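J.: Starting off with a structure, shown below.
Residue numbers (my numbering): 250 to 430.
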């Protein structure tokens with residue numbers, strides 16, 4: 250188990266050495282850190298504070314562009330997904346009702362942050378300071394059914410998730426997704 254401080258220091262070292270990147274380079278965009286006012290606006294949009302480690306990473310290291318698979322999206326601007334959405338843009342889109350799906354209901358405390366491809370995202374649970382990681386995997390979902398089957402618990406904290414990635418370990422093996430009851 251890693252501390253927020255240890256993970257922050259390790260990420261900062263990589264960034265300072267020019268080695269903080271994604272596993273699969275796809276996302277493009279300015280990764281300059283965000284100012285505190287921009288992050289305060291993000292928190293106001295979400296209606297809750299960001300987990301402190303995430304806040305520090307985005308304000309002191311960089312605005313996305315690192316991490317597992319295609320990597321973390323920029324919160325505002327910065328690296329976007331293939332639909333040109335940053336994390337807040339994607340969150341807003343996910344929170345919208347779907348007129349073609351009465352069952353669609355995005356959990357408002359989940360911020361899709363890690364782009365995995367094929368519609369999958371690692372999301373950070375902003376309802377806790379630990380920032381548990383939840384997988385959104387829409388591909389096996391059955392039409393005309395609730396979306397509960399598309400969310401899986403992955404990791405109890407952002408620190409443990411990032412520490413696993415920093416050590417070069419396979420996140421899927423260390424933290425196999427578990428159905429959320």
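Beta carbons: idealized from backbone N, C-alpha and C, even for Gly. The structure presented is a predicted model; accordingly, all values stated were derived computationally and were not measured.
Quick one: using the 10 Å Cβ neighbour count with 16 as the cut-off for buried, is residue 254 buried or exposed?
T.: Walking along the chain shown from the start, residue 254 turns up at place 5. Exposed, since its Cβ has fewer than 16 Cβ neighbours within 10 Å.
J.: Per the DSSP calculation, residue 359 is bridged to which residue(s)?
T.: As a first step, residue 359 is located in the chain shown; it is residue number 110 there, counting from the start. Paired residue(s): 374.
J.: So the candidates are 419, 289, 271, 427; which of them puts its Cα closest to the Cα of residue 397?
T.: As a first step, residue 397 is located in the chain shown; it is residue number 148 there, counting from the start. If we check each option's Cα against that of residue 397, 427 comes out closest.
J.: Given a cut-off of 8 angstroms on the beta-carbon distance, is the pair residue 295 and residue 360 in contact?
T.: As a position in the chain shown, residue 295 is number 46, starting the count at 1. As a position in the chain shown, residue 360 is number 111, starting the count at 1. Cβ atoms of residue 295 and residue 360: closer than 8 angstroms.
J.: Are there 16 or more other CB atoms within 10 angstroms of the CB of residue 266, so buried, or fewer, so exposed?
T.: Walking along the chain shown from the start, residue 266 turns up at place 17. Using a 10 angstroms sphere on the CB of residue 266, the tally of other CB atoms stays under 16, which defines it as exposed.
J.: How long is the line joining the alpha carbons of residue 318 and residue 393, rounded to whole angstroms?
T.: Numbered from its first residue, the chain shown carries residue 318 at position 69. Numbered from its first residue, the chain shown carries residue 393 at position 144. About 30 angstroms.
J.: Using the rule of at least 16 other Cβ atoms within 10 Å of the residue's Cβ for burial, across every protein chain shown, is residue 366 buried or exposed?
T.: One-based indexing of the chain shown puts residue 366 at position 117. Around the beta carbon of residue 366, a 10 Å sphere encloses fewer than 16 other beta carbons of the protein chains shown; the residue is thus reported as exposed.
J.: Quick check: the Cα distance between residue 411 and residue 269, rounded to an integer number of angstroms?
T.: For the purposes of this step, residue 411 is taken as the residue at position 162 of the chain shown. For the purposes of this step, residue 269 is taken as the residue at position 20 of the chain shown. Linking residue 411 to residue 269 through their CA atoms gives a straight-line distance of about 12 angstroms.
J.: Across the segment 327-345 and the segment 403-410, are there enough close Cβ pairs to call them in contact, namely three or more that are closer than 8 angstroms?
T.: No, the segment 327-345 does not touch the segment 403-410.
J.: Kindly give me the distance between the Cβ atoms of residue 316 and residue 279, rounded to whole angstroms, as I take these residues to be in contact under 8 angstroms.
T.: Taking the chain shown and counting its residues from 1, the one referred to as residue 316 is at position 67. Taking the chain shown and counting its residues from 1, the one referred to as residue 279 is at position 30. Incorrect: roughly 17 angstroms between the Cβ atoms, too far for contact.
J.: Can you give the Cα-Cα distance for residue 395 and residue 387, rounded to whole angstroms?
T.: Walking along the chain shown from the start, residue 395 turns up at place 146. Walking along the chain shown from the start, residue 387 turns up at place 138. Between residue 395 and residue 387, the alpha-carbon positions lie close to 11 angstroms from each other.
J.: Whose C-alpha, out of 287, 372, 414, 286, is nearest the C-alpha of residue 263?
T.: Here the question's residue 263 lines up with position 14 in the chain shown. For residue 263, the closest alpha carbon among the candidates 287, 372, 414, 286 is that of 414.
J.: Among residues of its own chain, excluding the 5 on either side of residue 283, which ones have a beta-carbon nearer than 7 angstroms to its beta-carbon?
T.: Position 34 of the chain shown, counted from the first residue, corresponds to residue 283. 307, 308, 312, 324, 325, listed in sequence order.
J.: From this set, 271, 353, 373, 399, which residue's C-alpha is nearest residue 385's C-alpha?
T.: Numbered from its first residue, the chain shown carries residue 385 at position 136. Checked all of 271, 353, 373, 399; the closest Cα to residue 385 is 399.
J.: Going by the beta-carbon positions, is the gap between residue 423 and residue 402 smaller than 8 angstroms?
T.: For this step, residue 423 is matched to residue 174 along the chain shown. For this step, residue 402 is matched to residue 153 along the chain shown. Going by C-beta atoms, residue 423 is not nearer than 8 angstroms to residue 402.
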